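Asker: According to my numbering, the stretch in the sequence shown is residues 862 to 990, in order. Cβ atoms here follow ideal geometry from the backbone N, Cα and C, with glycine treated the same way. Owing to the predicted nature of the structure, the values given are computational and were not obtained by experimental measurement. Structure in structure tokens, see below.
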Amino acid sequence: LGCSGQEHEISKLASSLLPKLDQDANVIELVKKNSIASLEEVEQLLSKHTLNNAVLTLDFNLYEGDDSDEDATAQMTKLANYIHQDLGLLCIYINVHPDHANMSAQGAAKKNALEQDVFIKNTDYEMCI
């Protein structure tokens with residue numbers, strides 16, 4: 862959970878965890894360039910995967926679709942609340958340093974705006990990279 866820079870740090874970190882999990886483990890990106898998973902899609906994904914063979918990512922800087930930034934952010938925030946508060950899954954805030962990650966000015970502003978009320982509120986741990 863967090864905002865990646867140009868190097869897609871959240872996806873890379875999630876992929877690096879796979880060798881430590883089940884041999885059938887995979888990364889499930891809840892946000893893609895043109896889509897954001899719905900709550901129903903998350904439920905379906907979790908019913909197909911046991912919790913020891915999947916790493917979910919929720920990268921707020923990945924979406925570039927047609928929804929307004931406010932609507933997309935609201936939808937992703939709802940997902941973060943659902944995953945952490947409703948499902949009780951272990952969530953980690955991946956705190957990517959904007960300067961070191963070559964994060965766009967818009968991405969850095971989004972990260973700063975969401976840090977307290979979304980990222981920290983909906984995670985159990987924080988990892989700074």
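(1) Just the C-alpha distance for I981 and I897, rounded to the nearest angstrom, thanks.
(2) Please name the residue, chosen from D978, A974, L975, N963, that lies closest to I990 on a Cα-to-Cα basis.
(3) If we call anything under 9 Å between Cβ atoms a contact, is V957 one with K971?
(4) With distances taken Cα to Cα, identify the nearest neighbour of V979 among I953, K909, V903, G926.
(5) What are the start and end residues of the alpha helix (DSSP H) that includes I990?
(6) According to DSSP, is E890 part of a helix, a strand, or is it coil?
(7) From V888 to N922, what distance separates their C-alpha atoms?
(8) With distances taken from CA atoms, which of V892, H869, V916, K873 is nearest Q884?
(9) To the nearest angstrom, report how far apart N925 and L882 are at their CA atoms.
(10) Under three-state DSSP, which class holds Y943?
Answerer: Looking at the coordinates:
(1) One-based indexing of the sequence shown puts residue 981 at position 120. One-based indexing of the sequence shown puts residue 897 at position 36. Approximately 21 Å, taken between the alpha carbons.
(2) To locate residue 990, count along the sequence shown from 1; it is residue 129. If we check each option's Cα against that of I990, N963 comes out closest.
(3) Taking the first residue of the sequence shown as 1, we reach residue 957 at position 96. Taking the first residue of the sequence shown as 1, we reach residue 971 at position 110. It is not a contact, given that the beta carbons lie outside the stated cut-off.
(4) Position 118 of the sequence shown, counted from the first residue, corresponds to residue 979. Of the candidates I953, K909, V903, G926, the one whose C-alpha sits nearest the C-alpha of V979 is I953.
(5) Indexing the sequence shown from 1 puts residue 990 at position 129. Note, I990: premise wrong, no alpha helix (DSSP H); not H, not E.
(6) Along the sequence shown, one-based indexing puts residue 890 at 29. Correct three-state label for E890: strand.
(7) As a first step, residue 888 is located in the sequence shown; it is residue number 27 there, counting from the start. As a first step, residue 922 is located in the sequence shown; it is residue number 61 there, counting from the start. When rounded, the distance between both Cα atoms is 17 Å.
(8) Numbered from its first residue, the sequence shown carries residue 884 at position 23. Q884 has its Cα closest to that of V916, out of V892, H869, V916, K873.
(9) Position 64 of the sequence shown holds residue 925. Position 21 of the sequence shown holds residue 882. Residue identity differs from the one stated: residue 925 is Glu in this sequence, not Asn. When rounded, the distance between both Cα atoms is 30 Å.
(10) In the sequence shown, counting from the first residue as 1, residue 943 sits at position 82. It is helical.
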